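For reference, the structure discussed in these notes is given below.
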Ligand SMILES: [Zn+2]
């Protein structure tokens with residue numbers, strides 16, 4: 006009886022719960038709430054922006070309801086926000102996500118996978134498609150469209166979306182959480198005021214703002230490190246779609262094909278896929294009757310630091326688009342009168358087939374454009390799933406084969422380096438970028454040079470070998486003026502007016518040169534035993550000698566700079582040798598750091614040496630050498646209300662090397678009494694007018710208007726005259742030269758672009774190693790040059806007013822990597838100058854010593870300026 010009852014109960018309850026599940030799944034399936042129900046307005050509605058937190062809350066709600074979406078946290082942003090993306094696919098695919106990721110990984114990495122097996126895996130796999138929006142946070146539509154796209158994929162029951170969910174795993178990403186919140190907050194605070202469309206007065210990524218799309222091989226900030234990890238080590242997508250929103254007016258969206266120049270190391274199959282996908286997007290627009298699509302205009306594939314380019318070099322077919330933007334969520338009505346002259350007659354061309362004729366442009370329109378483009382990419386991925394998946398394997402295996410029989414066979418990184426720590430950083434960076442790195446298991450000879458066991462070897466014959474090649478080789482830029490008949494038809498005519506044709510970003514970047522690491526290209530195949538490594542070992546710390554007078558730390562590595570900062574923080578006596586000297590037979594160069602043992606016990610030094618891989622010498626007696634006594638510098642870094650990426654890069658580089666500093670704004674510089682508070686003031690790369698005048702009145706809320714003004718310039722002058730040090734970087738050198746009437750001329754000022762042109766390359770600079778600003782520099786180094794002020798010293802009346810040239814451009818063969826027009830103008834001209842001024846000094850760092858955190862070989866010019874500037 007009891008049993009029967011129990012059975013009956015079980016039966017009833019089973020039926021009941023089945024009905025309940027069925028009912029609830031029907032009911033839940035209907036309950037995916039559209040964004041307008043959740044947020045209270047439609048995505049893209051005028052005057053409304055959804056911030057990151059709200060977007061993620063919506064995602065979480067959808068994840069509770071639907072089995073087709075799953076959220077993944079892949080790290081924290083610079084300001085500590087969780088970075089989350091949404092994976093979306095059919096429920097069957099979602100149950101096997103790991104399996105599909107594994108297939109993609111296997112095909113990407115190629116090794117150990119025969120062609121037949123690869124074909125089978127391609128048949129079985131699903132296309133993984135990354136779509137992000139909002140990397141550049143003021144370009145608001147892309148991030149907003151991600152929210153609508155999530156809903157559309159989960160709720161649309163059309164055949165097209167069903168096919169996408171069956172064949173594709175979509176990764177929907179909001180890659181700049183901090184920026185998305187910052188921009189929404191800024192916009193809301195100004196809504197309805199005259200400043201509704203004002204620019205954001207600070208960077209939309211804590212340190213590097215817009216340069217977050219230039220950091221993808223250097224990986225200096227957490228957001229880009231996290232993207233690198235999830236893309237190149239965990240998910241291995243087949244397509245990477247990066248949305249932007251600065252389409253050149255009056256086009257409404259830019260899509261590939263890109264314009265020239267083309268990076269010569271991109272796989273030809275990849276370029277064809279890129280063009281195919283770009284054309285597919287454009288076709289979707291034409292079939293929906295959406296106007297204004299442009300291609301082969303402005304944007305090119307030359308620079309490898311974009312997020313998309315690093316994907317290209319991992320055989321991921323990347324695409325990007327630039328949708329049109331007015332400002333934030335504010336609409337604008339355009340008439341033909343707003344159009345540039347050459348577009349007023351709506352001429353049709355092959356890559357601009359359907360010109361827009363003006364009218365309203367709302368955020369909603371931009372969101373719709375992003376949606377059309379994203380859905381077109383997903384649709385193409387679904388339709389071409391198998392060949393798309395196989396393409397990765399095809400490119401990787403072709404690259405392996407090609408560089409087995411074609412030079413360069415790879416690069417050797419010798420163990421002997423000026424800064425072994427930075428060399429190890431370079432090797433480890435390559436490993437983080439998913440490149441194969443090996444060490445020789447015995448000594449060997451390559452191209453007539455002998456190397457010991459343990460030497461690092463980077464073969465080009467590896468799946469992503471083309472990436473290695475583009476990072477390590479010398480860039481040879483195609484001067485597009487040489488073959489005008491060839492190029493004329495494929496570049497935009499506007500650019501031809503100003504020779505030469507420039508690229509969208511920099512021309513030369515050879516990474517080992519920027520970092521000051523010695524390498525050798527292999528011109529003959531190398532057949533030796535080697536083992537693959539997953540981490541470069543750093544040089545072992547050593548404290549040698551047994552003297553009780555002092556420690557001596559050679560000053561050639563970037564870690565020795567950190568050592569000084571830690572010693573100063575602990576209030577140890579730190580002396581800086583002003584000359585070279587010997588201890589026994591060991592030579593030390595100027596800048597060697599001498600720390601009396603009485604001031605810093607051995608146990609502490611051992612700890613410091615271990616942490617920073619220092620080679621320290623203990624000495625018996627004071628070396629007979631002149632020294633400076635270093636003090637903890639009180640540093641001010643000028644922070645304008647015009648968001649300045651170079652200012653952010655300086656902050657990042659100073660913090661990474663443990664310099665204390667204070668950011669000072671216009672108000673503080675205008676208030677004066679700077680000498681009481683600071684030893685050194687740094688002006689980042691920024692033009693003189695923008696430093697002095699800042700934002701115009703009426704363009705921004707009052708707090709952010711104006712620059713340091715004439716009073717600020719006077720206060721800076723007084724600061725230096727009292728004994729302070731002003732360090733100017735790049736363009737800000739012009740402020741010092743002109744406002745303080747220095748006996749110096751910037752020789753580039755009068756030159757025309759057709760005579761002199763340099764938009765970012767590496768040049769040869771020689772240094773006076775006996776000058777404190779160049780302590781620890783090699784005699785010759787690569788410097789990053791981008792229309793950098795270049796100095797000629799003028800005669801002076803008094804000898805003590807004579808500027809000292811610390812670094813100058815080489816006598817000949819100035820170009821090391823990239824290209825410039827008018828190389829002759831740089832010959833022997835000054836690049837780094839110290840100018841005595843009153844009781845203080847001005848240090849002009851003309852070229853870009855800390856450019857994008859990449860130029861580790863010249864960072865110390867900034868560091869030395871700070872140490873030297875604080876010496877009284
Ligand atoms: Zn952008």
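Numbering (this note's numbering), first residue to last: 6 to 877.
Glycine included, C-beta positions come from ideal geometry on N, C-alpha and C.
Note that this is a predicted model, so its numbers are computed, not measured.
Exercise. Closest by CA to residue 713, which one among 677, 728, 348 and 706?
Worked result: 677
Exercise. How many Å lie between residue 165 and residue 312 at the Cα?
Worked result: 29 Å
For this session: Anything with a beta carbon under 6 Å from a heavy atom of ligand 1 counts; list them all in chain order.
Result: 141, 144, 249 and 251
For this session: Figure out for me which residue from 318, 374 and 571 has the closest Cα to the Cα of residue 256.
Result: 374
For this session: Using a threshold of 7 Å, state whether the C-beta atoms of residue 341 and residue 364 are closer than that.
Result: no
For this session: Confirm, please, whether the CB-CB distance from residue 195 to residue 140 is below 7 Å.
Result: no
Exercise. If you drop the 5 nearest sequence neighbours on each side, which residues of the same chain put their C-beta closer than 8 Å to that of residue 288?
Worked result: 381
For this session: Please state if the CB of residue 408 and the CB of residue 465 are separated by a distance shorter than 7 Å.
Result: yes
For this session: Kindly provide the ranges of any beta strand (DSSP E) runs that are 3 or more residues long and lie completely inside the region 189–232, ordered along the chain.
Result: none
Exercise. To which residues of the same chain is residue 564 closer than 7 Å at the C-beta, ignoring the five residues directly before and after it?
Worked result: 426, 617, 618 and 619
Problem set entry | 7 Å Cβ cutoff met for residue 304 and residue 482 | no
Exercise. For residue 662 versus residue 566, is the C-beta spacing smaller than 7 Å?
Worked result: yes
Exercise. Where does residue 466 sit, in a helix, a strand or coil, going by DSSP?
Worked result: coil
Problem set entry | Exposure of residue 598, with buried meaning 16 or more beta-carbon neighbours within 10 Å | buried
Exercise. Taking the Cβ atom as the reference point for each residue, do residue 151 and residue 245 lie within a distance shorter than 7 Å?
Worked result: no
Problem set entry | Member of 614, 522 and 360 whose CA lies at the smallest distance from the CA of residue 418 | 522
Exercise. Who are the Cβ neighbours of residue 856 in its own chain at under 7 Å, not counting the five residues just before and after it?
Worked result: 789
Exercise. Does DSSP put residue 858 in a helix, a strand or coil?
Worked result: helix
For this session: Counting only the same chain and skipping the five closest in sequence on each side, list residues whose C-beta sits under 8 Å from that of residue 274.
Result: 396, 399, 400 and 403
Exercise. With distances taken from CA atoms, which of 118, 228, 352 and 431 is nearest residue 859?
Worked result: 431
Problem set entry | residue 231 vs residue 88 beta-carbon contact at 7 Å | yes
For this session: Please classify residue 863: is it buried, with 16 or more other beta-carbons within 10 angstroms of its beta-carbon, or exposed?
Result: buried
Exercise. So the alpha helix (DSSP H) residue 125 belongs to, where does it begin and stop?
Worked result: 120–129
For this session: Please check the pair residue 621 and residue 556, which I expect to be a contact at CB under 8 Å, by giving their CB distance rounded to whole angstroms.
Result: 5 Å
Exercise. Near residue 270, which residues of its chain fall below 7 Å by C-beta distance, leaving aside the five closest residues on each side in sequence?
Worked result: 471, 474 and 475
For this session: Hey, could you find the ends of the beta strand (DSSP E) residue 876 is sitting in?
Result: Here residue 876 belongs to no beta strand (DSSP E), and DSSP marks it neither H nor E.
Problem set entry | Three-pair Cβ contact test at 8 Å for the region 445–462 versus the region 534–543 | yes
Problem set entry | residue 821 vs residue 769 beta-carbon contact at 7 Å | yes
For this session: Starting from the N-terminal side, write out each stretch of the alpha helix (DSSP H) that is 4 residues or longer and does not extend beyond the region 367–400.
Result: 368–388
Problem set entry | C-alpha gap between residue 507 and residue 424, whole angstroms | 34 Å
For this session: Compare the Cα-Cα distances from residue 560 to each of 640, 848 and 868 and report the closest residue.
Result: 868
Exercise. Which residue's Cα is closest to the Cα of residue 683: 668, 692, 672 and 694?
Worked result: 668
Exercise. By how many angstroms is the C-alpha of residue 611 removed from the C-alpha of residue 226?
Worked result: 31 Å
For this session: Tell me residue 264's beta-bridge partners as DSSP assigns them.
Result: 305
Problem set entry | contact_flag[the region 711–728, the region 766–785] where n(CB pairs < 8 Å) is 3 or more | no
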